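What follows is one structure encoded as structure tokens, with my remarks underneath.
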Amino acid sequence: MKEDLVVATRNKKKLNEIRVLLSDLDFNILSLDDFPDIPEVVEDMDTFEGNASKKALQISNATKKLTLADDSGLEIDFLNGKPGVYSARFAGD
31 MKEDLVVATR NKKKLNEIRV LLSDLDFNIL SLDDFPDIPE VVEDMDTFEG
81 NASKKALQIS NATKKLTLAD DSGLEIDFLN GKPGVYSARF AGD
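For the sequence shown, the numbering used here begins at 31 and goes up steadily by one.
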């Protein structure tokens with residue numbers, strides 16, 4: 031029996047990319063869509079790693095399942111790596 035792996039996203043494109051990357055592994059890949067009662071995790075950490083860790087831990091605690099999370103953003107050399115972790119907010123979201 032395959033072990034469940036929760037990918038902490040509701041983004042279908044991201045989920046499909048991760049499914050392809052992990053296709054050789056023996057996991058039953060789930061997403062947050064499989065757990066509709068779990069609220070979104072507030073990504074308020076100062077680093078991509080911090081946001082991903084926070085999300086993975088909160089989702090794992092809620093589902094009691096192995097969880098994979100990531101965070102990313104835009105880093106521009108000319109702006110000394112900004113907006114970085116604040117990319118979504120930088121654009122007005």
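Ideal placement from N, C-alpha and C gives every residue a C-beta, glycine not left out.
What you are looking at is a predicted structure, and each value in this text was computed from that prediction instead of being measured.
Annotation for residue 93: no beta strand (DSSP E) segment contains it, though the alpha helix (DSSP H) segment containing it runs 78–93.
Residue 89 and residue 82 do not touch by the CB rule: their CB atoms are close to 11 angstroms apart, not below 8 angstroms. Note that the C-beta distance between residue 55 and residue 34 is not below 8 angstroms. Between the alpha carbons of residue 93 and residue 63 lies a distance of about 12 angstroms. In this structure, residue 73 lies near residue 101, with their beta-carbon atoms less than 8 angstroms apart.
Taking 8 angstroms as the cut-off, the Cβ atoms of residue 36 and residue 95 count as close. Per DSSP, residue 36 is not a residue of any alpha helix (DSSP H); the beta strand (DSSP E) it occupies stretches across 33–37.
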